[in-house]
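Read the structure below first, then the notes.
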Amino acid sequence: MIMIGVGAGLGAWLRWQLTQLWKKTRIDWPLATLVINLLGSFALGLLSQYLPAESGKFWTTGLLGGFTTFSTFNVELISLFDEGRKGAALLYITSSYLGGLLLAWLGMQL
Numbered sequence: 001m002i003m004i005g006v007g008a009g010l011g012a013w014l015r016w017q018l019t020q021l022w023k024k025t026r027i028d029w030p031l032a033t034l035v036i037n038l039l040g041s042f043a044l045g046l047l048s049q050y051l052p053a054e055s056g057k058f059w060t061t062g063l064l065g066g067f068t069t070f071s072t073f074n075v076e077l078i079s080l081f082d083e084g085r086k087g088a089a090l091l092y093i094t095s096s097y098l099g100g101l102l103l104a105w106l107g108m109q110l
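Each residue of the sequence shown is one higher than the one before, starting from 1 at the first, in the UniProt record's numbering.
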C-alpha cells in the first residue's frame, strides 16, 4: 500500500514536470495532458501484460495512476467549449479517447 502511494507521488511529479516543459512551448491547446494520457494508456496496456497483478501495483495503480489525469482532461475540455473553440474541443475529446484506446490496445499486443 505504501509503495502504491510512493508510485502515485512519483507519477504526479512526472506529470507536473512534463506540463512545465509544455508551458514553455506556448501552444494554446492542452497538448501536455493529451500526451501524458496517451503515454499512460500505452504504458498501462503494456505493463498489464507483463507484470503480475499484485506486484505490479506500484507501476500500474501507483505511478501510472498518478501520471495520467482524467480530471484535468475534463476541465480543459470544458474550457475549450466555454471559449467557443468547439473544433478544438472535438479534436481533443476524439484524440484522447480513440488515441487512448488504440495505444492501450497496442501496448497489450507487444
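We treat Cβ as the ideally placed atom computed from N, Cα and C, and that holds for glycine.
Excluding sequence positions up to five away, which residues of its chain have a Cβ less than 6 Å from the Cβ of residue 118?
The question about residue 118 has no answer, for the chain in this structure spans 1 to 110.
Verify whether the separation of the beta carbon atoms of L46 and L110 is less than 8 Å.
yes
For I27, name the three-state secondary structure that DSSP assigns.
coil
Buried or exposed: which applies to W98, given that a residue is buried once 16 or more other Cβ atoms fall within 10 Å of its Cβ?
The residue asked about is misnamed: residue 98 is Leu in this sequence, not Trp. Exposed: under 16 other Cβ atoms inside 10 Å.
Given a cut-off of 8 Å on the beta-carbon distance, is the pair S48 and G100 in contact?
no
Ignoring anything shorter than 3 residues or poking outside the region 56-83, list the beta strand (DSSP E) runs there in chain order.
none
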